[in-house]
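Colleague: Residues 18 to 265, numbered by my numbering, are exactly what the sequence shown covers, in order.
Beta carbons: idealized from backbone N, C-alpha and C, even for Gly.
Owing to the predicted nature of the structure, the values given are computational and were not obtained by experimental measurement.
Starting off with a structure, shown below.
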Amino acid sequence: MKDKYVGETEKNINTLIDRICKDADDMVKKYNEDLGKVIGEDIVKSGDKEAIQKAIAEAKAAGKTIPTQERIIVFVDEIDSVMMVDKSDSAKFSNDVLNEFKKGFTEKLAKHDNIITIGATNLEIDTKKAMAADGKTLDKPMLDRFASKVRVPNPDAKQIEDTIINHYKDKNLVSNELKEKNAKLTQLAQFLAKNEHEMSFRKLLNIFDKTANITTGSGKNVTIEDMKKAIKEMKDELNIKDSGLGSI
């Protein structure tokens, strides 16, 4: 959505949100047309929710097929980038973006029952204070408009082990010790899952990439030892202290 030119980001946000809302309106129109063919156009056009639900129940009881109400999921990755309250001297741009997104979210997206908006962020957020772990402030009124806030924890040892196996299971030139459960792999997964390492799926992906860089062109099977070597070379990035490297 973001653009390097002043004012363009806000236009991009509006264009995108308007397109989503038009698609949502078209879906509702199609649903009402299909539903009208089953329970009667007059009932649907009346807008009487109680009468419509009663007619739907009677149609179901009569063995009629009720059309499915389609929905749109709006998934905004790194949503903190358009929800941060900027208090710096150069705050106008980011706050203009925030205000435009908030306006589109509250006045357009939120008014459509068939639009579900989901935002994701890698930041640890205190939702009561609308504060990120790094001290940044989010727009609380907008944050409060999200009906649910779900903290997705970092993967545990089993999830890490399963992810490693799933990543390598269909690849050539990879040792079986990375493709199936075994004591060495379990030990490595348990090490990575320690709280102090703050291991995430993104970090695991970085480890896979580093391992590939180390082994490309070797002509040998990738092994757990290659993965351990990659981890040791990434110890600072992974927040692994020298004292813990010996255990793997």
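Does F92 come out as helix, strand or coil in the three-state DSSP assignment?
Modeller: Here the question's residue 92 lines up with position 75 in the sequence shown. Strand, per DSSP.
Colleague: How would you call F122, buried or exposed, if buried means at least 16 neighbouring beta carbons within 10 angstroms?
Modeller: Sequence index remark: in the sequence shown, residue 122 carries index 105 (1-based). Buried, because 16 or more other Cβ atoms sit within 10 Å of the Cβ of F122.
Colleague: Alpha carbons only, please: which of K246, E117, N171 and K252 is nearest the one belonging to T32?
Modeller: Stepping through the sequence shown from its first residue, residue 32 is reached at position 15. It is E117 whose Cα lies nearest to the Cα of T32.
Colleague: Let me check understanding here. Comparing Cα to Cα, which of T232, I73 and M244 lies closest to L209?
Modeller: Within the sequence shown, the letter at position 192 stands for residue 209. Among T232, I73 and M244, the Cα nearest to that of L209 belongs to M244.
Colleague: Relative to the alpha-carbon of Q176, which residue among G24, M216 and L160 has its alpha-carbon at the smallest distance?
Modeller: For this step, residue 176 is matched to residue 159 along the sequence shown. Looking at the Cα atoms, M216 is the closest of the given residues.
Colleague: Give the DSSP bridge partners of I83, in chain order.
Modeller: Counting from 1 along the sequence shown, the entry for residue 83 is found at position 66. Answer is none; I83 lacks a bridge partner.
Colleague: In this structure, what does DSSP give as the bridge partners for T154?
Modeller: Position 137 of the sequence shown, counting from 1, holds the residue named residue 154. V102 and M148.
Colleague: According to the Cβ coordinates, are F225 and H184 closer than 8 Å?
Modeller: Numbered from its first residue, the sequence shown carries residue 225 at position 208. Numbered from its first residue, the sequence shown carries residue 184 at position 167. Yes; because the gap between Cβ atoms is below 8 Å, this pair is in contact.
Colleague: When the distance is taken between beta carbons, is L115 closer than 8 Å to D156?
Modeller: The count along the sequence shown starts at 1 and reaches residue 156 at position 139. The count along the sequence shown starts at 1 and reaches residue 115 at position 98. Cβ distance < 8 Å, so D156 and L115 count as in contact.
Colleague: For K220, count the other beta carbons within 10 Å of its own beta carbon; 16 or more makes it buried, fewer makes it exposed. Which is it?
Modeller: Translated into positions along the sequence shown, residue 220 becomes position 203. Classification of K220: buried, given that the 10 Å Cβ count is 16 or more.
Colleague: Quick one: using the 10 Å Cβ neighbour count with 16 as the cut-off for buried, is K109 buried or exposed?
Modeller: Stepping through the sequence shown from its first residue, residue 109 is reached at position 92. When all chains shown are included, K109 counts as exposed.
Colleague: Is the distance from the Cβ of L190 to the Cβ of N230 below 8 Å?
Modeller: Against the sequence shown, residue 190 aligns to sequence position 173. Against the sequence shown, residue 230 aligns to sequence position 213. Their beta carbons are not under 8 Å apart, which means L190 does not touch N230 by this criterion.
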